[in-house]
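Using the numbering used here, you'd call the opening residue of the sequence shown number 1215 and step up by one each time. Report on the structure given below.
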Amino acid sequence: MIRHIAMFKFNEDATDEARAALVESMDMLAAAIPQIVSMRHGADLGFRDGNFDYAVVVDFDSTDDYRAYSQDPVHQEMIATRLRPIICERAAIQFRY
């Protein structure tokens, strides 16, 4: 299994409406991209200062499935229209488990 984790910090353009649209888009990805085995995402609970604001964890059966997801047009459209406009920082990692 391949696990992809991405974390985001929101910028000043991240209104409540923009964040809600991001959540809706993230929910849609799991249904739209067949290579996704499981997907969880959510906002930071605010337990510690300095954390990222939002994270997504996505599992895949193989490296090829991760690569297909990363290049999928639905995923790329979500990044361009819902994610990139409202973030100022991103961190990500992929690992095998």
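We treat Cβ as the ideally placed atom computed from N, Cα and C, and that holds for glycine.
- Taking all protein chains in view, the Cβ of residue 1283 is crowded by 16 or more other Cβ atoms within 10 Å, so the residue is classified as buried.
- Straight through space, the alpha carbons of residue 1239 and residue 1288 are spaced by roughly 10 Å.
- Under the three-state reduction of DSSP output, residue 1284 falls in the helix class.
- For residue 1230, there is no enclosing beta strand (DSSP E); the residue is found in the alpha helix (DSSP H) stretching over 1230-1246.
- The C-alpha of residue 1228 lies about 32 Å from the C-alpha of residue 1310.
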